[in-house]
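**Student:** Pasting in a structure now, in structure tokens, and then I'll have a few things to ask.
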Amino acid sequence: VFEGPRSAGGHVPKYITNGVASYAISMLAFVFAGHEGYIEGDIVMQLYPFMVIVLNLFALIFCAFLVVKGLTCPSHEGRDASSSGNYVMDFYWGTELYPEIFGIDVKT
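Heads up, the sequence shown is in the numbering used here, so the first residue is 15 and it goes up one at a time.
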């Protein structure tokens, strides 16, 4: 577990340094599934247009949700959550420094 920098509001985020392991496991699972015939090796390219559309729509909806959540019920009280007064800027920059959903840090 790695501790991030202390925010202006006093919050210290905690990160699990497992990015490389997660990537390696994902790639090994994909290669294994393709080799054993569970999936076709070009499944990503077959579904690419659909994935781009779905992931972009999800990202827009999720970011709008985070803006509303940050304005109505921020995860951490203090200076870590605020509004600029402009919805477009709030959407672009965010309203919380470390948003959490059910105790899970969204940015990690």
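Backbone N, C-alpha and C define an ideal beta-carbon position, used for all residues, glycine too.
1) With DSSP as the reference, label K83 as helix, strand or coil.
2) Spatial neighbours of G10 within its chain, please: CB distance less than 7 Å, with the 5 preceding and 5 following residues excluded, ordered by chain position.
3) Quick one: what's got a C-beta closer than 7 Å to L85's C-beta in the same chain, skipping five residues either side?
4) Rounded to the nearest angstrom, how far is the Cβ of V45 from that of K28, given a contact under 8 Å?
5) Could you have a look at I67 and say whether DSSP puts it in helix, strand or coil?
6) Would you check if the distance between the CB atom of A47 and the CB atom of I39 is smaller than 9 Å?
7) Pairs of beta-carbons, one from the segment 21-35 and one from the segment 80-95, closer than 8 Å: are there three or more?
8) Got a sec, what are the start and stop residues for the alpha helix (DSSP H) A35 sits in?
9) Excluding sequence positions up to five away, which residues of its chain have a Cβ less than 7 Å from the Cβ of I30?
**Tutor:** Taking the definition as stated:
1) helix
2) The shown model of the chain, from 15 to 122, leaves out residue 10, and the question about it has no answer.
3) S97 and T109
4) Contact doesn't hold; Cβ gap of about 32 Å is too wide.
5) helix
6) no
7) yes
8) G33 to H49
9) V15
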